[in-house]
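Residue numbers (our numbering): 81 to 164.
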């Protein structure tokens, strides 16, 4: 299962995670974000023991994508040890 990440839990869920995190910057209104969802769910099921798959809605969390240079949606980034 994918983890919904919010700004207030971003540091804990993504930056301080013990496992690598595949983070999707997404938007509800984005057709490509919706199309990518089943694939990310499959990745989460298959690699959930070794990898956290998370999504962050850019409309609810506008500062975080800017801090990580995510300029369009969907954008996928891998975080490990607090860095992308």
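Ideal Cβ positions, reconstructed from N, Cα and C, are used throughout, including at glycine. Remember, predicted model here, so these are calculated numbers, not experimental data.
Span of the alpha helix (DSSP H), counted from its first residue to its last, around residue i
i           : result
residue 121 : 111 to 127
residue 92  : Where residue 92 is concerned, there is no enclosing alpha helix (DSSP H), given that its DSSP letter is neither H nor E.
residue 143 : 143 to 147
Residue burial classification, residue i (beta-carbon count within 10 angstroms, cutoff 16)
i           : result
residue 144 : buried
residue 81  : Reliability of the predicted coordinates at residue 81 is poor, the pLDDT of 44 falling under 50, and no value is obtained from them.
residue 106 : buried
residue 120 : buried
residue 89  : exposed
residue 113 : buried
residue 97  : buried
8 Å Cβ cutoff met for residue i and residue j
i           : j           : result
residue 103 : residue 136 : yes
residue 58  : residue 131 : Nothing about residue 58 can be reported from this structure: the residues present for the chain run from 81 to 164 only.
residue 134 : residue 93  : yes
residue 157 : residue 148 : yes
Beta strand (DSSP E) segment containing residue i, residue limits
i           : result
residue 136 : 132 to 137
residue 108 : Premise fails: residue 108 is in no beta strand (DSSP E) and is neither H nor E.
residue 155 : 155 to 159
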